Amino acid sequence: MREQAAPNTAQKMPINAGPKTAHNFSCAHQSKSVGAAFEARAREFLQRQRLRFVARNVTCRGGEIDLVMSDRDGALVFVEVRARAQRHYGGAAASIGWQKRQRIVRAARHYLATRATTNRGPRDEPACRFDVVAFESGRLVWLRDAFRADEV
């Protein structure tokens, strides 16, 4: 006699059903996937603004850059992407404090140093700027030159 497979009921259960175990989706996993979606939207927007994609999620010890783009003049644009459902406490852009700016600048310096060694040979460093793409209450806000490296 042949056994029948049990119906697949896992597809019918909501993601957050059942006890929280190591095998369930964690908040960190969901947060990363939501963050990646906002980064993808920011990248698409910036490319429509004629910026060229260079890299994403550039990390070094103590810092990370969400997106690295290049503008029409050849300047490197280091982009921090932030999202907030509401504008409490100043919104997404205001959530980038002094310490976060320091970490972004540190990662940018690391990126430039790594880039210089991999390209082998003396090069003039390109002009750089730090932009923020903030999603606030469903709206995209692009802050060009949001802060400078010498301010942190």
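In the working numbering, the protein residues as written are 11 to 162. Cβ atoms here follow ideal geometry from the backbone N, Cα and C, with glycine treated the same way. Computed from a predicted model, the values in this text were never measured in an experiment.
- Between the C-alpha atoms of R111 and A65 there is a straight-line separation of about 19 Å.
- Here the stretch 48 to 67 makes no contact with the stretch 104 to 118; the two share fewer than three CB pairs at distances below 8 Å.
- Put simply, the stretch 133 to 143 touches the stretch 76 to 92. At least three CB pairs are less than 8 Å apart.
- Nearest neighbour of A159 by Cα position, chosen from F140, V87 and A123, turns out to be F140.
- Around the C-beta of V44, fewer than 16 other C-beta atoms lie within 10 Å, and the residue is accordingly described as exposed.
- Taken in chain order, the unbroken stretches of alpha helix (DSSP H) that lie wholly in the stretch 81 to 108 and span 4 residues or more are 101 to 104.
- Non-local beta-carbon contacts of E146 in its own chain, meaning distances under 7 Å to residues more than five positions away in sequence, involve R94, R97, G101 and A102 in chain order.
- The bridge partners DSSP lists for E49 come to none.
- By the neighbour-count criterion, in which 16 or more other beta carbons inside 10 Å mark a residue as buried, D76 falls on the buried side.
- Residue range C138 to E146 is occupied by the beta strand (DSSP E) that includes V143.
- The DSSP-derived three-state label of E161 is helix.
- In the structure shown, E135 adopts coil according to DSSP, grouped into three states.
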